[in-house]
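Read through the structure below, which is laid out as structure tokens, and then see the notes.
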Amino acid sequence: MPNDPYEKLAPVPKLAVRAPFTNGDTLPDANVAPSHGGQGRSPALEWDAVDGAAAYLVTCYDPDAPTMSGFWHWVVYNIPGGVTSLPEGAGTGDEVDLPEGAKAGFNETLGREYRGAAPPAGHGPHRYFFTVSALDATLDIPDNLTGARVNFMAREHVIARGHVHAVFENTGA
1 MPNDPYEKLA PVPKLAVRAP FTNGDTLPDA NVAPSHGGQG RSPALEWDAV DGAAAYLVTC
61 YDPDAPTMSG FWHWVVYNIP GGVTSLPEGA GTGDEVDLPE GAKAGFNETL GREYRGAAPP
121 AGHGPHRYFF TVSALDATLD IPDNLTGARV NFMAREHVIA RGHVHAVFEN TGA
């Protein structure tokens with residue numbers, strides 16, 4: 001059975017997250033890396049407002065990557081508490097398409113953009129978890145942190161969390 005990346009986290013209230021796909025759907029081509037036949041755009045995401053949220057953290061994580069720590073495709077933190085959506089393509093990495101005050105953290109390739117799905121050929125299906133965490137404070141952290149570190153720094157501030165995941169498999173040789 002595949003690991004659940006949220007299983008060991010402290011329980012918090014659930015947050016409804018919506019995307020152009022539902023749990024277990026195939027990741028749309030728009031969100032797949034150009035090297036794998038897609039357009040490499042971050043998906044539109046929408047979530048319910050959470051009372052007491054000072055900020056939101058949005059990530060895309062692949063726990064099935066052939067590493068011991070998965071692969072962080074996208075990290076956006078300090079999204080203002082009054083914002084409840086990001087448009088498709090907001091993950092350009094230059095922060096111009098993000099709400100004012102939001103910051104893009106580093107993905108696993110040390111870029112700030114959304115990295116579309118690009119698993120190795122023949123490695124099987126990979127799950128891409130698009131997670132929104134409501135935080136009770138903005139994060140006062142260095143701007144050079146990766147997804148794992150941003151999530152670690154946010155852990156004491158999470159007051160609600162939700163995700164939607166899609167699947168992509170590279171069946172090429």
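Each residue of the sequence shown is one higher than the last, beginning at 1 in full-length UniProt numbering.
A virtual CB, placed ideally from N, CA and C, is assigned to each residue, including glycine.
Buried versus exposed call for residue i [16 or more other C-beta atoms within 10 Å across all chains shown]
| i | result |
| --- | --- |
| Met1 | Unreliable positioning characterises Met1 in this predicted model, as indicated by a pLDDT of 43, which lies under 50. The coordinate reading is nonetheless provided below. Exposed, by the Cβ-count rule. |
| His123 | exposed |
| Ala155 | Looking at the sequence provided, one finds Arg at residue 155 rather than Ala. By the neighbour-count rule (16 or more Cβ atoms within 10 Å), Arg155 is not buried but exposed. |
| Phe71 | buried |
| Phe152 | exposed |
| Gly40 | buried |
| Ala16 | exposed |
| Gly101 | exposed |
C-beta atoms of residue i and residue j nearer than 9 Å
| i | j | result |
| --- | --- | --- |
| Val132 | Gly24 | no |
| Pro87 | Ala44 | yes |
| Ser35 | Cys60 | no |
| Arg127 | Pro63 | yes |
| Gly82 | Gly93 | no |
| Ala55 | Leu145 | no |
| Val150 | Leu57 | yes |
Rounded distance between the beta-carbons of residue j and residue i, thought under 8 Å
| i | j | result |
| --- | --- | --- |
| Pro118 | Ala33 | Checking the displayed sequence, the identity of residue 118 turns out to be Ala instead of Pro. So it is a contact: roughly 4 Å between Cβ atoms. |
| Pro66 | Pro120 | 6 Å |
| Val164 | Thr22 | 7 Å |
| Gly38 | Gly116 | 5 Å |
| Tyr114 | His73 | 6 Å |
Using 8 Å as the cut-off, can you tell me whether the segment 50–67 makes contact with the segment 156–163, which would need three or more C-beta pairs spanning the two stretches below that distance? Taking 8 Å as the limit for Cβ pairs, the verdict is that the segment 156–163 does touch the segment 50–67.
Could you say if the segment 62–79 and the segment 104–120 meet the contact criterion of at least three C-beta pairs nearer than 8 Å? The way I'd put it, the segment 62–79 does touch the segment 104–120; three or more beta-carbon pairs between them come closer than 8 Å.
In chain order, which alpha helix (DSSP H) runs of at least 4 residues are fully inside the segment 77–158? Counting only runs of 4 or more, we get 147–154.
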